[in-house]
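Visitor: Chains as they are written, first to last, in this note's numbering: chain G, 1 to 398; chain C, 1 to 467. Heads up, the beta-carbon is just placed ideally off N, CA and C, and yes, glycines get one too.
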Amino acid sequence: MTAPDPAVGRAVATADVLVVGGGLHGCSAALHCARNGLSVIVVEKDTVGRHASGVNAGGVRRLGRAIAEIPLSLAAMEIWHRIADLVDDDCGFRPAPQIKVAETDTQMQALADRAAMLRDLGYAHETVLDRDELFRLLPAVSQHCVGGLASLGDGFADPYRTTAAFRRKAERLGVRVLEGCAALGVEVRQGGFRLRTAGGPLDGGILVNCGGAWAGAIAAQLGEPVPVEPIAPMMLVTSRLPPFCRAVVGAAGRPLSFKQMDNGTVVIGGGRRGTIDAGGNATRLRLGELAKTARTASEIFPIVGRAEIVRGWAGIEGRMPDDLPVIGPSSTTDGAYHAFGFSAHGFQLGPVVGSALADLIVGRRPDLPLAPFRIGRFSASIASTAPGGAPPPTDRCV
Amino acid sequence: MDSTDLAIIGAGPAGLAAAATVAGTGASVVLLDEQPLPGGQIYRGVEMVQMLRPKTFGFFGPEFAAGADLAKALRGSAVDYRPGSVVWDVSPDLVLHYSRDGRSRGLAARHVLIASGALERPVPIPGWTLPGVMTVGALQILLKADALVPRVPAVLAGAGPLLLLLAVQYLRAGAPPTAIVETVPKDAYRRSARHLPQALRGWRSLLKGRGWMRELARAGVPWYRGCTGLRVEGGDRAEALAFDHDGGRRRIAADVIALHQGVVPNTQLTRLVGCAHDWDSGQRCFRPRLDAWQASTVEGIWVAGDGGGIAGAKAAEWQGRLAGLAIAGRLGRLDERDRDRQAAPLRTALARELAVRPLLDALYHPSPEVLCPADDVIVCRCEEVTAGRVREAVRLGCPGPNQAKSFLRCGMGPCQGRLCGLTVTEIIARERGLDPAEIGSYRIRPPLKPLPLAELAALDDEAEAPV
Ligand SMILES: Cc1cc2nc3c(=O)[nH]c(=O)nc-3n(C[C@H](O)[C@H](O)[C@H](O)COP(=O)(O)OP(=O)(O)OC[C@H]3O[C@@H](n4cnc5c(N)ncnc54)[C@H](O)[C@@H]3O)c2cc1C
Numbered sequence: 001m002t003a004p005d006p007a008v009g010r011a012v013a014t015a016d017v018l019v020v021g022g023g024l025h026g027c028s029a030a031l032h033c034a035r036n037g038l039s040v041i042v043v044e045k046d047t048v049g050r051h052a053s054g055v056n057a058g059g060v061r062r063l064g065r066a067i068a069e070i071p072l073s074l075a076a077m078e079i080w081h082r083i084a085d086l087v088d089d090d091c092g093f094r095p096a097p098q099i100k101v102a103e104t105d106t107q108m109q110a111l112a113d114r115a116a117m118l119r120d121l122g123y124a125h126e127t128v129l130d131r132d133e134l135f136r137l138l139p140a141v142s143q144h145c146v147g148g149l150a151s152l153g154d155g156f157a158d159p160y161r162t163t164a165a166f167r168r169k170a171e172r173l174g175v176r177v178l179e180g181c182a183a184l185g186v187e188v189r190q191g192g193f194r195l196r197t198a199g200g201p202l203d204g205g206i207l208v209n210c211g212g213a214w215a216g217a218i219a220a221q222l223g224e225p226v227p228v229e230p231i232a233p234m235m236l237v238t239s240r241l242p243p244f245c246r247a248v249v250g251a252a253g254r255p256l257s258f259k260q261m262d263n264g265t266v267v268i269g270g271g272r273r274g275t276i277d278a279g280g281n282a283t284r285l286r287l288g289e290l291a292k293t294a295r296t297a298s299e300i301f302p303i304v305g306r307a308e309i310v311r312g313w314a315g316i317e318g319r320m321p322d323d324l325p326v327i328g329p330s331s332t333t334d335g336a337y338h339a340f341g342f343s344a345h346g347f348q349l350g351p352v353v354g355s356a357l358a359d360l361i362v363g364r365r366p367d368l369p370l371a372p373f374r375i376g377r378f379s380a381s382i383a384s385t386a387p388g389g390a391p392p393p394t395d396r397c398v
Numbered sequence: 001m002d003s004t005d006l007a008i009i010g011a012g013p014a015g016l017a018a019a020a021t022v023a024g025t026g027a028s029v030v031l032l033d034e035q036p037l038p039g040g041q042i043y044r045g046v047e048m049v050q051m052l053r054p055k056t057f058g059f060f061g062p063e064f065a066a067g068a069d070l071a072k073a074l075r076g077s078a079v080d081y082r083p084g085s086v087v088w089d090v091s092p093d094l095v096l097h098y099s100r101d102g103r104s105r106g107l108a109a110r111h112v113l114i115a116s117g118a119l120e121r122p123v124p125i126p127g128w129t130l131p132g133v134m135t136v137g138a139l140q141i142l143l144k145a146d147a148l149v150p151r152v153p154a155v156l157a158g159a160g161p162l163l164l165l166l167a168v169q170y171l172r173a174g175a176p177p178t179a180i181v182e183t184v185p186k187d188a189y190r191r192s193a194r195h196l197p198q199a200l201r202g203w204r205s206l207l208k209g210r211g212w213m214r215e216l217a218r219a220g221v222p223w224y225r226g227c228t229g230l231r232v233e234g235g236d237r238a239e240a241l242a243f244d245h246d247g248g249r250r251r252i253a254a255d256v257i258a259l260h261q262g263v264v265p266n267t268q269l270t271r272l273v274g275c276a277h278d279w280d281s282g283q284r285c286f287r288p289r290l291d292a293w294q295a296s297t298v299e300g301i302w303v304a305g306d307g308g309g310i311a312g313a314k315a316a317e318w319q320g321r322l323a324g325l326a327i328a329g330r331l332g333r334l335d336e337r338d339r340d341r342q343a344a345p346l347r348t349a350l351a352r353e354l355a356v357r358p359l360l361d362a363l364y365h366p367s368p369e370v371l372c373p374a375d376d377v378i379v380c381r382c383e384e385v386t387a388g389r390v391r392e393a394v395r396l397g398c399p400g401p402n403q404a405k406s407f408l409r410c411g412m413g414p415c416q417g418r419l420c421g422l423t424v425t426e427i428i429a430r431e432r433g434l435d436p437a438e439i440g441s442y443r444i445r446p447p448l449k450p451l452p453l454a455e456l457a458a459l460d461d462e463a464e465a466p467v
């Protein structure tokens, strides 16, 4: 199950759908395609969950989403709250408030303005917290904080376990996952694609590009180059502390993501970036940047100043210039689809994007607005139709 | 940021020898070590012992005096020695970060010598996490640092020269162990005999070993050979060691049980920097790939001593000098001819030290039940993960230690897998029917040792590695 299928090396294996990338999005696309009765092969150059999907902060967050992402995020959240129905595993999901803390009145005003704007668009999941409410939810937060914005029905999950659960469920539905099997080139053929891989050629009618930070290579081969930038957000984890925080916390004015796990350890991130090695597949931490993350954390939660850092790490993620993912059909090639470039917030969207792709693939109209995520938005000819415009609000609010 | 020609991590025989060699050529050397005094594990606190307890000096053996000489050479040298320094990051561009006196600092080096020595191989047997169970190495540290022997006699169990050494030292200190429970299979003596001719080149160490055995036998210390099925019994703490011996089950009551299965290279630093490692099937461990001058596969990173493969104190010293010569050469402080001339006798001495290793490796091969413990045995103490759960993770699709770590949290605790790393690799290799070389090991991330968050927060931005 884990070793590359030796048979693939000899004959050309075929499937209805070929998925490039064994991250959460690749596994989710495979799972949803299989649920629709399609045969699927996933190729992963390393191991499933090796990159962003397995090492991220695990934040399952609607709070603070770009307007264009809100419908997807709300739909995903509904799935997260009953994730075991989909993958037979709770994925370590814990419901918890997500809270963005304001440290100044100006920040507080900006948060209140955002909440008002969302309400006008018909969304009710983000609510303003005054100082008292903030301290009731976060008793350990620093005294200088003035309030916050919260999405109370959010949560967090275990990223590796989640990705592994999607993979296993997909495999139970017949999906074949080939690890250590890089896709090296795509050839468009009559009625489909031939994928040249490290494990031999694969033929399929449909190609799904979920290559994360590396997805640009496949897109370029399809004649639609995109500016996907590999980034390496960094994380820290502390030794165990007594329970003091049961929300996932961010800051309005500076990069921070902060949560205490059930076992007492505190996981701290927020997007400060490490560097990516020349090979493009491994990361290094930038200690000066990490020091800033540590400062932010201890200023907002003084209690962690006493903690010890046990480990730091970084994961490689694809970022788009407008911080919105690419989701949807190829603009050049029938039968090819993309879902990549989640710009450091794609974990939460994992369960739903695969389902939307499967809808497109079987010819169903997805009930989610995907237009803002089309790949063509980066080509010069359509540069004037700026991305990120607010889609019509939906009634999917929770 | 501070800078130096050579930064050495570890003030044991390898680090001390290299420091003296390189500083002697006029290059700048910074020597970082966690301990308050030079000497490393083998010559731990040698100056203190010499000064405060000259009488006990004797029972650590005449080799201890060699340590005193190395320490003395350090004190008289230009080496910038910084004891009490915990190195928590080394980057491939040769910037170190270390914590000392509650503050972290950076140090840019032209060369880095990793001389951080060995770790005791963990001995995951049923009950090994109970209070009262120690390692032989830990007891020896107590003995050296504070002249402490257990209040109650200890049972020493396992295999390896260090086990016998501690037994002899306890004997000489007037506290003979209750028993020695040796796990060396009976036929290992016969099987390892083919290495004997070569080992005779290192006859001094062999004689030393034989001398210890005779001393213990004369004193009548009960010695059970060829034992298997070791299990520590007890409720809240260790009460007894049970084992199979000569076809029967035995049980020896003991409050202190010291376990030992030899030592393995501490590769946390070399893995952190990204040096290539090879699997050593003789010693059942990974070791960094080194050339004849102790250079690793990462430019500017050198390794000497047990951290490059277990070879003992004398070999460590010769390797430290060899690396020192090569580094001095690279710094332009020594021409090639002088380097090679000075290296020749070191290579001869080193070969003599290494001659005995194949015999010892064959004789003291860690027992299978320790390499691949039973399902109910805890392998990761930090996160309390059992061998059975690691096997289950493999069945669920985890192909290697890093996936098992993400899945089970094994190796995610404060020790970063120092303790469970090799065991997890062995278990996964066995489950998948592959060689440990193909399975690999945990990726190591800074900080290498737990670091106060406040200390990281106080790190100033110039600590950023030069790009
Ligand atoms: C440190 C960090 C913290 C984050 N925190 C959060 C958070 O709290 N909440 C949140 O919602 N999101 C978060 N994210 C973002 C989230 O992790 C990603 O958006 C998401 O996992 C992306 O999934 P993916 O499947 O697109 O990418 P990946 O997980 O990177 O998967 C892509 C896979 O494709 C493989 N691949 C690429 N090219 C090829 C090829 N040619 N052949 C074969 N295989 C190939 C890669 O090896 C890789 O495994 C975080 C990201 C990071 C790095």
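Anything in chain G within Cβ reach of aspartate 468 (chain C), meaning under 7 Å, just list it in chain order.
Guide: Limits of chain C in this structure are 1 at one end and 467 at the other, which puts residue 468 (chain C) out of reach.
Visitor: Please report the straight-line C-alpha distance between alanine 14 (chain C) and glutamate 317 (chain C), rounded to a whole angstrom.
Guide: Position 14 of the second sequence, counted from the first residue, corresponds to residue 14 (chain C). Position 317 of the second sequence, counted from the first residue, corresponds to residue 317 (chain C). Each residue's alpha carbon lies about 5 Å from the other.
Visitor: Is the shortest distance between the beta-carbon of arginine 445 (chain C) and the beta-carbons of chain G less than 8 Å?
Guide: Position 445 of the second sequence, counted from the first residue, corresponds to residue 445 (chain C). Answer yes: the Cβ-Cβ gap between arginine 445 (chain C) and chain G drops below 8 Å somewhere.
Visitor: Would you say histidine 97 (chain C) faces chain G, with C-beta separation under 8 Å as the test?
Guide: Here the question's residue 97 (chain C) lines up with position 97 in the second sequence. Judged by the 8 Å Cβ criterion, histidine 97 (chain C) is in contact with chain G.
Visitor: What do you reckon, is the C-beta of methionine 412 (chain C) under 7 Å from a heavy atom of ligand 1?
Guide: Here residue 412 (chain C) refers to the residue found at position 412 when the second sequence is read from its first residue. It does not: the Cβ of methionine 412 (chain C) is nowhere closer than 7 Å to a heavy atom of ligand 1.
Visitor: Buried or exposed for glutamate 353 (chain C), going by 16 or more other Cβ atoms inside 10 Å?
Guide: Residue mapping note: residue 353 (chain C) aligns to position 353 of the second sequence, counting from 1. Buried: at least 16 other Cβ atoms inside 10 Å.
Visitor: Three or more beta-carbon pairs under 8 Å between the segment 110-129 of chain C and the segment 254-266 of chain C, yes or no?
Guide: Verdict: yes, contact present.
Visitor: Would you grab the beta carbon distance between cysteine 380 (chain C) and cysteine 410 (chain C) for me? Rounded to a whole angstrom, and I think it's under 8 Å.
Guide: Your numbering for residue 380 (chain C) matches position 380 in the second sequence. Your numbering for residue 410 (chain C) matches position 410 in the second sequence. Sure, about 4 Å apart at Cβ, within 8 Å.
Visitor: 8 Å is my cut-off, CB to CB: does arginine 295 (chain G) come that close to chain C?
Guide: By 1-based counting over the first sequence, the position of residue 295 (chain G) is 295. It does; some Cβ of chain C falls within 8 Å.
Visitor: Leaving aside the five residues before and after threonine 47 (chain G) along the sequence, list all residues of the same chain whose C-beta is less than 6 Å from its C-beta, in chain order.
Guide: Sequence index remark: in the first sequence, residue 47 (chain G) carries index 47 (1-based). Answer for threonine 47 (chain G): Glu179, listed in chain order.
Visitor: Would you verify that the beta carbon of proline 452 (chain C) is, or is not, closer than 8 Å to some beta carbon of chain G?
Guide: The residue given as residue 452 (chain C) occupies position 452 in the second sequence. With 8 Å as the cut-off, proline 452 (chain C) counts as an interface residue toward chain G.
Visitor: Out of C:Lys314, C:Trp279 and C:Val377, point me to the one whose CA is closest to arginine 439 (chain C)'s CA.
Guide: In the second sequence, residue 439 (chain C) corresponds to position 439, counting from 1. Here residue 439 (chain C) turns out to be isoleucine, not arginine, going by the sequence shown. Among C:Lys314, C:Trp279 and C:Val377, the Cα nearest to that of isoleucine 439 (chain C) belongs to C:Trp279.
Visitor: Quick one: does aspartate 5 (chain C) have its CB under 8 Å from some CB of chain G?
Guide: Taking the first residue of the second sequence as 1, we reach residue 5 (chain C) at position 5. So, not an interface residue.
Visitor: Could you compute how far the alpha carbon of glycine 23 (chain G) sits from the alpha carbon of aspartate 33 (chain C)?
Guide: Residue 23 (chain G) sits at position 23 when you count from the first residue of the first sequence. Residue 33 (chain C) sits at position 33 when you count from the first residue of the second sequence. Going by the C-alpha atoms only, they are around 42 Å apart.
Visitor: State yes or no: is the beta carbon of aspartate 5 (chain G) nearer than 8 Å to at least one beta carbon in chain C?
Guide: Locating residue 5 (chain G) in the first sequence gives position 5, where the first residue counts as 1. In this prediction, aspartate 5 (chain G) has a pLDDT of 48, which is less than 50 and means its spatial position is unreliable; what the coordinates show is noted afterwards. It does not; no Cβ of chain C falls within 8 Å.
Visitor: Quick check on the burial criterion: 16 or more other C-beta atoms within 10 angstroms. Buried or exposed for glycine 220 (chain C)?
Guide: The residue given as residue 220 (chain C) occupies position 220 in the second sequence. Burial call: exposed.
Visitor: Please report the distance separating the alpha-carbon of aspartate 105 (chain G) from that of valine 146 (chain G).
Guide: Here residue 105 (chain G) corresponds to residue number 105 of the first sequence, with the count starting at 1. Here residue 146 (chain G) corresponds to residue number 146 of the first sequence, with the count starting at 1. Between aspartate 105 (chain G) and valine 146 (chain G), the C-alpha separation is close to 7 Å.
Visitor: Alpha helix (DSSP H) containing aspartate 113 (chain G): first to last residue?
Guide: Position 113 of the first sequence, counting from 1, holds the residue named residue 113 (chain G). Residues 105-121.
Visitor: Leaving out five residues on either side along the sequence, give the residues of the same chain with a beta carbon under 8 Å from the beta carbon of phenylalanine 407 (chain C).
Guide: Along the second sequence, one-based indexing puts residue 407 (chain C) at 407. Closer than 8 Å at the Cβ level, and outside the excluded window around phenylalanine 407 (chain C), lie Ala393, Leu396 and Cys398.
Visitor: Using a Cβ-Cβ cut-off of 8 Å, state whether glutamate 179 (chain G) counts as contacting chain C.
Guide: Working through the first sequence from its first residue, we reach residue 179 (chain G) at position 179. Yes, glutamate 179 (chain G) lies at the interface with chain C (some Cβ there is under 8 Å from its Cβ).
Visitor: Hey, would you say serine 149 (chain C) sits closer than 8 Å to tyrosine 170 (chain C), going by beta carbons?
Guide: Residue mapping note: residue 149 (chain C) aligns to position 149 of the second sequence, counting from 1. Residue mapping note: residue 170 (chain C) aligns to position 170 of the second sequence, counting from 1. The amino acid at residue 149 (chain C) is misidentified as serine; the sequence shows valine. Yes, these two residues count as a Cβ contact at 8 Å.
Visitor: What is the residue span of the alpha helix (DSSP H) that tyrosine 160 (chain G) lies within?
Guide: In the first sequence, the residue the question calls residue 160 (chain G) occupies position 160. Element bounds for tyrosine 160 (chain G): 159-172.
Visitor: In whole angstroms, what separates the C-alpha of leucine 434 (chain C) from that of arginine 284 (chain C)?
Guide: As a first step, residue 434 (chain C) must be located in the second sequence, where it is residue number 434. As a first step, residue 284 (chain C) must be located in the second sequence, where it is residue number 284. Cα-Cα distance, rounded: 14 Å.
Visitor: Counting only beta-carbon separations shorter than 8 Å, does arginine 273 (chain G) have a partner in chain C?
Guide: Within the first sequence, the letter at position 273 stands for residue 273 (chain G). For arginine 273 (chain G), the answer is no, since every Cβ of chain C falls outside 8 Å of its Cβ.
Visitor: Return yes when at least one heavy atom of ligand 1 lies under 7 Å from the C-beta of histidine 25 (chain G), else no.
Guide: By one-based count along the first sequence, residue 25 (chain G) stands at place 25. Answer for histidine 25 (chain G): yes, Cβ within range of ligand 1.
Visitor: List the whole-angstrom C-beta distance separating valine 168 (chain C) from leucine 216 (chain C), where the pair is believed to meet the contact cut-off of C-beta under 8 Å.
Guide: Counting from one through the second sequence, the residue named residue 168 (chain C) turns up at place 168. Counting from one through the second sequence, the residue named residue 216 (chain C) turns up at place 216. That pair is a contact at about 6 Å.
Visitor: Starting from the C-beta of isoleucine 309 (chain G), find all residues in its chain whose C-beta is less than 7 Å away, skip the five residues before and the five after it, and write them out in chain order.
Guide: As a working mapping, residue 309 (chain G) is identified with position 309 in the first sequence. Answer for isoleucine 309 (chain G): Leu236 and Thr238, listed in chain order.
Visitor: Taking alanine 15 (chain G) as part of the beta strand (DSSP E), name the residues at either end of that continuous run.
Guide: Translated into the one-based positions of the first sequence, residue 15 (chain G) becomes position 15. From DSSP, the beta strand (DSSP E) with alanine 15 (chain G) extends over 13-20.
Visitor: Identify which residue in C:Pro358, C:Gly39, C:Ser28 and C:Gly24 has its Cα closest to the Cα of alanine 199 (chain C).
Guide: Residue numbering aside, residue 199 (chain C) sits at position 199 when the second sequence is read from its first letter. For alanine 199 (chain C), the nearest C-alpha among the options comes from C:Pro358.
Visitor: Closer than 8 Å is the cut-off here; do at least three beta carbon pairs connect the segment 417-431 of chain C with the segment 277-292 of chain G?
Guide: Taking 8 Å as the limit for Cβ pairs, the verdict is that the segment 277-292 of chain G does not touch the segment 417-431 of chain C.
Visitor: If you follow the beta strand (DSSP E) that valine 256 (chain C) is in, where does it begin and where does it stop?
Guide: As a first step, residue 256 (chain C) is located in the second sequence; it is residue number 256 there, counting from the start. It spans 256-261 - the beta strand (DSSP E) in which valine 256 (chain C) sits, taken as one unbroken run.
Visitor: Just grab the DSSP bridge partners of valine 30 (chain C) for me.
Guide: For the purposes of this step, residue 30 (chain C) is identified with residue 30 of the second sequence, where counting begins at 1. Beta-bridge pairing links valine 30 (chain C) to C:Ala7 and C:Asp80.
Visitor: Does DSSP put arginine 194 (chain G) in a helix, a strand or coil?
Guide: Against the first sequence, residue 194 (chain G) aligns to sequence position 194. Correct three-state label for arginine 194 (chain G): strand.
Visitor: Would you kindly check if the distance between the Cβ of leucine 290 (chain G) and the Cβ of arginine 272 (chain G) is under 8 Å?
Guide: The residue you call residue 272 (chain G) lines up with position 272 of the first sequence. The residue you call residue 290 (chain G) lines up with position 290 of the first sequence. Yes, Cβ-Cβ distance for arginine 272 (chain G) and leucine 290 (chain G) is below 8 Å.
Visitor: Less than 8 Å between CB atoms is the rule here; does glutamine 416 (chain C) satisfy it with respect to chain G?
Guide: Counting from 1 along the second sequence, the entry for residue 416 (chain C) is found at position 416. Chain G contact via Cβ: present.
Visitor: Hey, does serine 296 (chain C) have any beta-carbon neighbour from chain G nearer than 8 Å?
Guide: Numbered from 1 along the second sequence, position 296 holds the residue referred to as residue 296 (chain C). Not one chain G Cβ lies under 8 Å of serine 296 (chain C).
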